[in-house]
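This report refers to the structure that appears directly beneath it.
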């Protein structure tokens with residue numbers, strides 16, 4: 111019998127901001143892009159009371175809560191906090207599967223230390239996270255990933271929800287279908303059409319009809335509804351790409367306006383590349399025009415990219431040297447793919463055109 | 031107006047012109063081919079903004095006029111014609127193309143929609159077409175496909191007394207071809223690499239006459255005239271980076287090295303710049319490559335010279351193959367050091383020089 115813990119930091123970005131800036135404590139705070147087109151990335155619990163949630167446009171959030179304090183994201187601080195949280199995880203198990211900076215699955219069937227009780231381990235992890243970061247986390251414990259994840263969201267913030275194996279069937283049966291992994295608004299609509307609103311309904315409906323409605327997903331839904339969820343916790347999920355994009359407050363078309371935007375995006379992407387100790391074979395530029403048409407262009411340079419400066423140079427080349435029909439841009443994005451460990455990178459040096467001549471008269 | 035001519039003649043001229051004209055464009059006029067008939071000649075012309083092209087074909091012509099059609103459509107029609115000769119019959123609104131038992135009517139587009147092109151005839155320079163083509167063709171590969179420095183996406187053409195030189199570099203390798211023929215012009219030009227491809231395809235034996243006006247180079251050779259829009263920018267001072275001393279030199283058949291590199295490079299690691307390692311000692315050049323699929327090696331006997339008895343270095347296999355590619359007979363590879371540029375020359379044609387920077391493997 112496996113013991114899976116899902117740990118989810120409470121209002122992570124906002125909590126880090128409130129921790130680091132006392133005047134934000136107890137007040138409605140949203141972390142997000144400062145521009146009119148930006149969206150809320152995380153809202154503090156005080157802000158959530160006004161109905162503010164992540165992915166909400168900041169303009170809408172401001173209307174919902176005029177006293178909302180909007181804070182620009184400080185990813186360096188979040189990465190730092192996340193690294194501390196992961197250190198805590200690793201004191202208990204190496205089987206850690208990160209889902210995001212603020213969320214991970216842990217397999218604690220055989221913990222490195224502590225009692226062989228998942229409940230006690232989860233409690234210890236929460237306590238040590240708080241001791242090391244002064245942030246709170248919520249945890250869910252179950253015998254499978256899906257139930258553990260749903261459980262961690264049940265008593266937020268600072269909650270701990272344990273679903274024992276014999277409770278799993280009833281727990282899943284009572285869940286609304288929207289809570290299931292892979293069920294978005296459209297799939298939910300299709301399931302509603304079959305009369306499926308809860309986990310229990312899944313077991314009542316004809317399997318063929320379910321498959322016809324949602325395809326491959328039906329297999330997963332039925333397994334989970336029966337309390338079967340054998341998906342392993344996969345440590346250090348291999349990253350396939352690193353990317354960032356930015357929607358502008360106003361459409362931009364002049365080079366002088368686009369250059370700093372592109373540079374800022376490359377800064378973020380390059381920093382993540384370096385931090386992850388990776389190199390990238392391919393850089394891809396994504397451009398969205400005023401009319402929402404999206405164009406991507408990629409380049410595979412002679413030396414795989416390993417620094418922010420290299421990312422910037424090649425992204426710059428993609429934006430400014432490829433023929434571009436006239437029209438202002440609404441969004442720019444840069445992503446790196448073909449990732450591999452940076453220590454395997456071999457540098458193709460350039461011809462020394464810019465090197466100064468060895469002139470003995472220059473020596474001082 | 032009506033034109034009668036061999037299908038092959040029309041096909042060849044149209045093929046060249048059509049390749050330059052974009053099949054689709056945000057500016058619809060740009061995808062049009064202009065056909066002008068007068069004085070016993072059929073003239074085809076079009077443009078892609080970077081380059082204008084005109085082909086003049088002597089033909090059996092009646093009447094005169096000026097019309098336009100979508101270049102890609104006429105190209106498809108003409109490529110598939112069944113007969114040895116073709117007749118073009120221009121009506122009010124349609125172009126009728128007849129060949130053997132086949133006939134089609136193609137809608138004409140008002141000729142005002144096609145770009146208005148002018149070709150300078152103020153020729154001041156001249157060079158044998160194949161000499162210019164050879165120089166450009168030898169160096170084209172070294173230009174960058176994409177790079178942040180625009181000059182690396184062009185081929186530099188130096189026109190001076192007694193010498194004509196083509197140079198291209200992408201910043202990592204360089205190719206130069208120095209021909210001892212003069213054009214009569216005195217200028218340094220930067221031609222977009224894409225345009226160079228078309229120039230090389232179009233040039234045939236016979237004089238290529240050159241005219242320069244503003245940032246446009248006009249080249250007239252045989253039936254074709256080209257306007258080539260030139261690039262701006264200062265080309266790096268490349269002569270300064272050509273090493274002067276080479277402690278190790280080897281001479282061998284270029285084809286032997288090219289084939290060995292191609293064979294060995296199958297095993298090269300793609301994520302590690304297609305690295306192939308060269309080790310030269312006791313008159314043997316050994317090439318090895320190692321990647322996730324395995325390891326390969328090959329040894330070639332070479333004529334070895336120089337002050338050092340051995341050298342080991344690594345290259346991007348593609349760069350090495352590209353540098354050797356234009357050499358037909360014997361090749362001399364000269365190594366200045368393990369981290370400084372290596373030079374390849376063609377012992378049968380001293381005009382060609384290629385330079386490649388080894389990979390930094392430390």
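Residue numbers (my numbering), protein chains in the order written: chain A, 111 to 474; chain B, 31 to 392.
Cβ atoms here follow ideal geometry from the backbone N, Cα and C, with glycine treated the same way.
Remember, predicted model here, so these are calculated numbers, not experimental data.
Nearest C-alpha to residue 389 of chain B among B:230, B:349, B:99: B:349. In this structure the region 339 to 359 of chain B touches the region 199 to 212 of chain B; the number of beta carbon pairs closer than 8 Å is three or more.
Only those residues of the region 300 to 318 of chain B whose C-beta falls short of 7 Å from the nearest C-beta of chain A are listed: 301, 302, 303, 305. Taking C-alpha positions only, residue 374 of chain A is separated from residue 419 of chain A by approximately 11 Å. The alpha helix (DSSP H) runs lying completely inside the region 132 to 213 of chain B and spanning 4 residues or more are 159 to 169, given in chain order.
The shortest CA-to-CA distance from residue 236 of chain A to any of A:263, A:169, A:269, A:301 is the one to A:269. Rounded to whole angstroms, the separation of the alpha carbons of residue 163 of chain B and residue 231 of chain B is 8 Å. A distance below 9 Å separates the beta carbons of residue 245 of chain A and residue 129 of chain A. Contact between the region 296 to 308 of chain B and the region 51 to 58 of chain B is absent: fewer than three C-beta pairs spanning the two stretches fall below 8 Å.
Between the region 173 to 191 of chain B and the region 218 to 235 of chain B there are three or more C-beta pairs closer than 8 Å, enough to call the two in contact.
Pairing residue 272 of chain B with residue 376 of chain B, the inter-Cα distance amounts to about 16 Å.
Rounded to whole angstroms, the gap between the alpha carbons of residue 266 of chain B and residue 438 of chain A is 34 Å. By the Cβ rule, the region 222 to 242 of chain B does not count as touching the region 322 to 332 of chain B, because fewer than three pairs are nearer than 8 Å.
In this structure, residue 279 of chain B and residue 359 of chain B do not form a Cβ contact; the two beta carbons are roughly 17 Å apart against a cut-off of 8 Å.
Per DSSP, the unbroken alpha helix (DSSP H) holding residue 106 of chain B starts and ends at 101 to 109. Beyond the five residues adjoining it in sequence on each side, residue 364 of chain B comes within less than 6 Å, by CB distance, of 276, 279, 373 in the same chain, given in chain order.
Cα atoms of residue 366 of chain A and residue 166 of chain B: separation of roughly 35 Å, rounded to the nearest angstrom.
Under the Cβ criterion of 9 Å, residue 201 of chain B is counted among the residues facing chain A. C-alpha of residue 363 of chain A to C-alpha of residue 446 of chain A: approximately 24 Å in a straight line.
Beyond the five residues adjoining it in sequence on each side, residue 332 of chain B comes within less than 8 Å, by CB distance, of 280, 281, 282, 310, 313, 314, 315 in the same chain, given in chain order. Residue 116 of chain A counts as buried, since no fewer than 16 other beta carbons sit within 10 angstroms of its beta carbon.
If you look at residue 88 of chain B, you'll find it in the beta strand (DSSP E) that goes 81 to 88.
The region 224 to 236 of chain A makes contact with the region 193 to 209 of chain A; the number of CB pairs closer than 8 Å reaches 3 or more. Residue 423 of chain A carries a helical assignment under DSSP once its states are collapsed to helix, strand and coil. Chain B has no Cβ within less than 9 Å of the Cβ of residue 394 of chain A.
Between the region 256 to 270 of chain A and the region 126 to 141 of chain A, the count of C-beta pairs closer than 8 Å stays below three; the two stretches do not touch.
According to the DSSP assignment, residue 155 of chain A belongs to the alpha helix (DSSP H) that extends over 155 to 158. By DSSP's assignment, residue 316 of chain B forms a beta bridge with B:309, B:329. Take the alpha-carbon of residue 444 of chain A and the one of residue 355 of chain A: they are about 6 Å apart.
At least one CB of chain A lies nearer than 9 Å to the CB of residue 387 of chain B. For residue 464 of chain A, the nearest CB of chain B lies under 9 Å from its own CB, placing it at the interface with that chain.
Residue-level contact by beta carbon holds for residue 389 of chain A and chain B, with a gap shorter than 9 Å. Residue state for residue 341 of chain B is assigned as strand, using DSSP reduced to three classes. At a C-beta separation below 7 Å, residue 222 of chain B has no neighbours in chain A, since its nearest C-beta there lies roughly 11 Å away.
Annotation: the continuous alpha helix (DSSP H) that includes residue 185 of chain A extends over 185 to 202.
Within the region 399 to 417 of chain A, those residues whose Cβ lies closer than 7 Å to any Cβ of chain B are, in chain order, 409, 412, 413, 414.
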